[in-house]
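Accompanying notes for the structure given below.
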Amino acid sequence: MTAKTVPVDPFDLVIFGGTGDLALRKLLPGLLRRYAEGQIPESSRILGVARDAQNDDSYRARVGEALQRVADADPALADKLPEFLQRLGYQSLDATRDDGWDAFAARLHEQGERIRVFYLSTSPALFVDICNRLRDHGLNGDGARVVVEKPIGRDLASATAINDAVGRDFSEDQIFRIDHYLGKETVQNLLALRFANILFEPLWSARHIDHVQITVAETVGLEKRASYYDTSGAMRDMVQNHLLQLLCMVAMEPPATLDANAVRDEKLKVLRSLKPIGRDEIAQATVRGQYRAGASDGAAVPGYLDELGRDDSRTETFVALKAEVDNWRWAGVPFYLRTGKRLPDRVSEIVIDFRHVPHSIFGEAGGGIRSNRLVLRLQPDEGVKLWIMIKDPGPGGLRLQHVPLDMSFAEAFGVHQPEAYERLLMDVVRGNQTLFMRRDEVEAAWKWVDPILDAWKELDDAPKTYTAGSWGPSAAVALIERDGRTWHEDSA
Ligand code: NAP
């Protein structure tokens, strides 16, 4: 099966931070793929911006080297790589200084009015400087869009300050706050499963769903992000954005249309319905952890503090919590969230656990009846599994088995599944904000997260340690088992 590719209009895409990790590892490979698929018109230009003194040719050589690994794995990309590199240019600029901006603006104005995407792939401390200078040089006109990377603040006050500042230079419909989890195929499939089938929606409530689990597990440790991560931690880095956005996609009411504001209105209602977790609930409803030395992918790895080179950090590298959406549809249904570094597998999944049948006709001999489970896997291999009870095949008595109806998207469709960034970058060019966060969503998420962070700070407890390569502190197991439930394992 071939994927249908609709070309976008010609555009200029400027990557502030064009020499950084995100640009070289995700954005430019994603753009190469879209180019190779024929989605990016020839007259489009991609401009890397950073302080480093380079020119177009040396930047092309640097990007070419970074993309060679991607191209080596796919002959179609290797063929197109030289042409793609010709679409690239480089502008040396310091976001905090005026020099060079006139030449940069003149280069963009050369093409007349066209779609201009400014991707802020730099530290958030530079967002305001960059936006102000774009406005001062007349680059915030109608065709302009600005893409804002996480983290958007470290609490409600700082997020509001960033949103205010960016909002002074660009209107809300020009601002694309990216959460790449929303660009994943499975998340969009969640919309399709829920709203393009009659099967699930009648069951999609507290009447038939027992609980929901959302896990985003990483095997990596700090990598090169120590200075950022230690001031952030798992709650700010993962829960406030990725996990809450996934929770919204599960819990939202059906939007009237796929229009960006219709979808975002519904997500906002979910965020506003989250039951607050404050000082009184914190011990029962949350667990913070920090990994100590252990093993990852078969190799011994140091603990967080050794990796950091300090012994006094209380930053959490793991969070488990029990959230509740306090509304008519979800009253009494816990949403268990967990995320962490140095866990045994790199896996992101949403598990919808349905209630038990009200009565079993099978008696003891049939074995127990287990509940139906819908598992939406976001990574490593995207797909959906629906666990159902069937009769154990073969002669003899009627015994039951819990088996998955398994659909791996890659196997089922045999096409390259676009990476989240590929899809989202093309959405920005098209001006489609459905899979991007609106300002009020980001702020509502912080409003729920801030009291948890405050309560942790007030308690001043050290995070519970866990061995690298395990599923977090034992308290995270207790968090769910206290309620008579268990974390999902793939064989369950
Ligand atoms: P990075 O590797 O540190 O790159 C930062 C980039 O910004 C470099 O190109 C740097 O080049 C440029 N830069 C720094 N100061 C500048 C200035 N004053 N003016 C112009 N350019 C400047 O960072 P990154 O990992 O790519 O992350 C970029 C952003 O994306 C951050 O907000 C991060 O939180 C977010 N993010 C990253 C990832 C990821 O996987 N890396 C994932 C999610 C979100 P020069 O030093 O030469 O100027």
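Read in order, the letters of the sequence shown are residues -17 to 474 in this note's numbering.
Here a beta-carbon is modelled for each residue, glycine too, at the ideal position from N, C-alpha and C.
Cα-Cα separation between residue i and residue j, rounded to whole angstroms
i        : j      : result
Val99    : Val424 : 21 angstroms
Asp409   : Thr201 : 30 angstroms
Phe158   : Val357 : 29 angstroms
Thr(-13) : Glu24  : 15 angstroms
Pro258   : Asp422 : 17 angstroms
Ala216   : Thr299 : 5 angstroms
Trp430   : Ala282 : 37 angstroms
Gly120   : Leu10  : 26 angstroms
Glu380   : Val130 : At residue 380 the sequence reads Leu, which differs from the Glu that was named. Spanning the two alpha carbons is a distance of roughly 57 angstroms.
Gly349   : Asp335 : 19 angstroms
Tyr101   : Asp3   : 14 angstroms
Ala5     : Arg15  : 14 angstroms
Leu325   : Tyr286 : 13 angstroms
With 16 other Cβ atoms within 10 Å as the buried cut-off, status of residue i
i       : result
Val(-4) : buried
Trp453  : buried
Ser330  : buried
Asn354  : buried
Ile180  : exposed
Val339  : exposed
Asp442  : exposed
Ile343  : exposed
Gly223  : The question names Gly, but residue 223 in the sequence shown is Asn. The residue is buried, with at least 16 neighbouring Cβ atoms inside 10 Å.
Trp428  : buried
Residue i - containing alpha helix (DSSP H), residue span
i      : result
Arg150 : 138 to 151
Ser214 : 208 to 216
Glu47  : 38 to 54
Thr168 : 167 to 177
Ile370 : Careful: Ile370 lies outside any alpha helix (DSSP H), inside the beta strand (DSSP E) at 365 to 373.
Minimum C-alpha distance to residue i - residue among the options
i       : options                          : result
Phe86   : Gly30, Gly46, Ile97, Arg69       : Gly30
Phe(-2) : Asp294, Asp388, Ala77, Pro237    : Ala77
Asp327  : Glu471, Trp310, Pro(-11), Ala460 : Glu471
Asp111  : Ile180, Asp219, Leu75, Leu435    : Leu75
Pro362  : Pro284, Asn37, Gln399            : Gln399
Leu290  : Asp436, Glu205, Gly271, Thr268   : Glu205
Glu404  : Gly165, Leu90, Gln73             : Gly165
Lys186  : Ala126, Trp312, Ala427           : It should be noted that the sequence gives Trp, not Lys, for residue 186. Selected option, being the one with the closest Cα: Trp312.
Residue i (DSSP reduced to helix, strand or coil)
i        : result
His193   : strand
Val339   : coil
Pro237   : coil
Pro(-11) : coil
Asp(-6)  : strand
Glu471   : coil
Ser105   : coil
Val130   : strand
Gly203   : coil
Leu284   : Rather than Leu, the amino acid found at residue 284 in this sequence is Pro. It is coil, neither helix nor strand.
Ala499   : The requested residue 499 does not occur in the structure, where the chain is confined to residues -17 to 474.
Pro316   : strand
Pro377   : coil
Beta strand (DSSP E) segment containing residue i, residue limits
i      : result
Gln399 : Where Gln399 is concerned, there is no enclosing beta strand (DSSP E), given that its DSSP letter is neither H nor E.
Leu356 : 355 to 361
Gln71  : Before going on, a small fix: residue 71 reads as Gly here, not Gln. Taken as a continuous stretch (DSSP letters only), the beta strand (DSSP E) holding Gly71 covers 70 to 74.
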